[in-house]
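For the sequence shown, the positions run 10 to 294 when the working numbering is used. C-beta atoms are modelled at their ideal positions from N, C-alpha and C, and glycine is treated no differently. Below is one structure, written out as structure tokens, with a few remarks after it.
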Amino acid sequence: MASGSASRDVVVFGASSQIGYFLLKRLVARKDGVVAVSRKARPAEPGITWVEGDLPWTPPALDKSFDCAASFGPLAPFAAWLEQAPLRDDAFVVATSSMSAATKIDSPVLAERELAQRLREGESQLAQACERRGFRWTILRPTIVYGAARDKSLTPIARRAARTHVFPWPQGKGLRQPVHADDIAQAVLAAIDTGACAGQVVPIGGGERLTAGQMFDRVRRTVPGTVLPVPLPAAGLELIAMAVPWMRGPVARLNSDLIADNSVLEASLGVHPRPFRPDPACWGL
Numbered sequence: 010m011a012s013g014s015a016s017r018d019v020v021v022f023g024a025s026s027q028i029g030y031f032l033l034k035r036l037v038a039r040k041d042g043v044v045a046v047s048r049k050a051r052p053a054e055p056g057i058t059w060v061e062g063d064l065p066w067t068p069p070a071l072d073k074s075f076d077c078a079a080s081f082g083p084l085a086p087f088a089a090w091l092e093q094a095p096l097r098d099d100a101f102v103v104a105t106s107s108m109s110a111a112t113k114i115d116s117p118v119l120a121e122r123e124l125a126q127r128l129r130e131g132e133s134q135l136a137q138a139c140e141r142r143g144f145r146w147t148i149l150r151p152t153i154v155y156g157a158a159r160d161k162s163l164t165p166i167a168r169r170a171a172r173t174h175v176f177p178w179p180q181g182k183g184l185r186q187p188v189h190a191d192d193i194a195q196a197v198l199a200a201i202d203t204g205a206c207a208g209q210v211v212p213i214g215g216g217e218r219l220t221a222g223q224m225f226d227r228v229r230r231t232v233p234g235t236v237l238p239v240p241l242p243a244a245g246l247e248l249i250a251m252a253v254p255w256m257r258g259p260v261a262r263l264n265s266d267l268i269a270d271n272s273v274l275e276a277s278l279g280v281h282p283r284p285f286r287p288d289p290a291c292w293g294l
């Protein structure tokens with residue numbers, strides 16, 4: 010499926026996610042046939058057919074076969090759906106996992122280690138399902154995702170600061186590499202168009218590495234109005250983590266590097282993510 014080829018039919022799971030938001034725009038601009046799956050009914054949009062579905066309980070009712078399938082939700086239910094999916098013999102499948110599959114595998118928090126294991130198992134299940142059906146596939150492992158105010162990491166922090174006018178500012182020295190959701194959408198299309206990363210799990214991070222403290226400071230500077238920064242030194246955070254068990258993982262990682270190697274992404278897919286330059290719209294402010 011080379012770039013510039015005839016339009017194709019694409020079904021998108023997780024279409025209402027922030028990656029889905031940008032991917033739908035790109036697909037419509039290319040005049041691909043788009044069926045977007047959502048848990049709730051959505052009004053029709055130009056170039057997009059919305060259908061209800063929630064894997065694994067209520068698979069969407071699809072009345073045609075597709076050239077491509079993309080998913081930005083849980084991997085295991087999507088892998089199970091692929092076993093009977095109405096995809097053509099030469100279909101291409103792209104899904105997102107998370108760099109948490111690598112960075113949380115040794116977390117001091119059991120729930121985080123279990124998350125990393127589920128992600129790895131989901132990746133394996135998807136690969137096996139595609140291979141049984143003869144589909145080509147690529148899995149993208151993004152770092153922290155931002156861009157459409159639909160994430161559960163940076164957006165809640167920015168919105169809380171906008172309400173309270175106070176910004177708790179962790180002073181971590183570990184490197185971070187936030188990636189814009191539209192850059193991931195671009196990578197999805199590059200994977201489909203080129204086929205260059207078929208059968209691979211590809212890390213994807215932003216185009217800039219900065220410390221955790223610098224990342225949080227840039228978020229703070231995008232919050233409108235007067236916001237009081239309250240630095241949180243490592244010693245204080247460690248005390249909090251002792252009292253609040255679920256914070257032990259995040260606090261332990263503040264001085265660890267959570268980054269992605271973009272070499273395959275750039276060399277094989279030609280995608281060069283943007284640096285971390287957020288604005289208020291990234292958080293819906």
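Minimum C-alpha distance to residue i - residue among the options
i, options, result
"D23", "R17, S16, R230 and A45", "Correcting the residue identity first, residue 23 is Gly in this sequence and not Asp. Among R17, S16, R230 and A45, the Cα nearest to that of G23 belongs to A45."
"L64", "A88, L274 and G56", "A88"
"F75", "D266, D18, I57 and P179", "D18"
"A276", "P212, Q180 and D99", "P212"
"R283", "A205, L267, D192 and R229", "D192"
"S106", "P151, F285 and P240", "P151"
"R35", "K49, P55 and A50", "P55"
"D99", "V236, R185, E140 and L241", "E140"
"G216", "V43, A194, V188 and T235", "V188"
"L149", "S116, L274 and R257", "L274"
"R145", "P179, A79, V60 and R257", "A79"
"A110", "V236, G222, A190 and V210", "V210"
"C77", "A94, W292, P69 and W66", "A94"
"S265", "A243, A252 and C206", "A243"
"W66", "K49, P52, P86 and V60", "P86"
"V37", "V236, L278 and L198", "L198"
Distance, residue j Cα to residue i Cα
i, j, result
"P254", "R262", "14 Å"
"G214", "D270", "7 Å"
"P287", "L84", "29 Å"
"A138", "L91", "6 Å"
"I201", "A158", "26 Å"
"S25", "S47", "7 Å"
"Y30", "V21", "10 Å"
"I28", "T147", "16 Å"
"M108", "L267", "8 Å"
"H174", "V228", "13 Å"
"A167", "T58", "33 Å"
"L246", "P117", "15 Å"
"G183", "I153", "14 Å"
"R39", "S16", "7 Å"
"L163", "D72", "38 Å"
"G208", "P233", "44 Å"
"R304", "T203", "Nothing can be reported for residue 304, as the shown portion of the chain is limited to 10 through 294."
"V43", "L33", "8 Å"
"A250", "A290", "32 Å"
"E130", "G82", "14 Å"
"V280", "A190", "13 Å"
"P177", "T231", "14 Å"
"G222", "E132", "31 Å"
"A50", "A136", "30 Å"
"G258", "R97", "43 Å"
DSSP state of residue i mapped onto helix, strand, coil
i, result
"D288", "coil"
"D41", "coil"
"P259", "helix"
"P240", "strand"
"L294", "coil"
"A18", "Here residue 18 turns out to be Asp, not Ala, going by the sequence shown. Reduced to three states, the DSSP call for D18 is strand."
"V9", "Since the first residue shown for the chain is 10 and the last is 294, residue 9 is missing from the structure and cannot be characterised."
Buried or exposed (CB count within 10 angstroms, at least 16 for buried), residue i
i, result
"A120", "exposed"
"V239", "exposed"
"A104", "buried"
"Q195", "buried"
"M224", "buried"
"E123", "exposed"
"P179", "buried"
"E61", "exposed"
"D41", "buried"
"D115", "exposed"
Min CB distance residue i to chain D below 8 Å
i, result
"V19", "This model lacks chain D altogether, as it is built from one protein chain only."
Any chance you could list the alpha helix (DSSP H) runs of at least 4 consecutive residues sitting entirely within the stretch 45-133, in chain order? 84-91 and 109-112
Which runs of the beta strand (DSSP E) at least 3 residues long sit entirely within the stretch 199-224? Give them in chain order. 209-213
Uninterrupted beta strand (DSSP E) stretches inside the stretch 139-185 (no shorter than 3 residues): The stretch 139-185 contains these whole beta strand (DSSP E) runs: 145-151 and 175-179.
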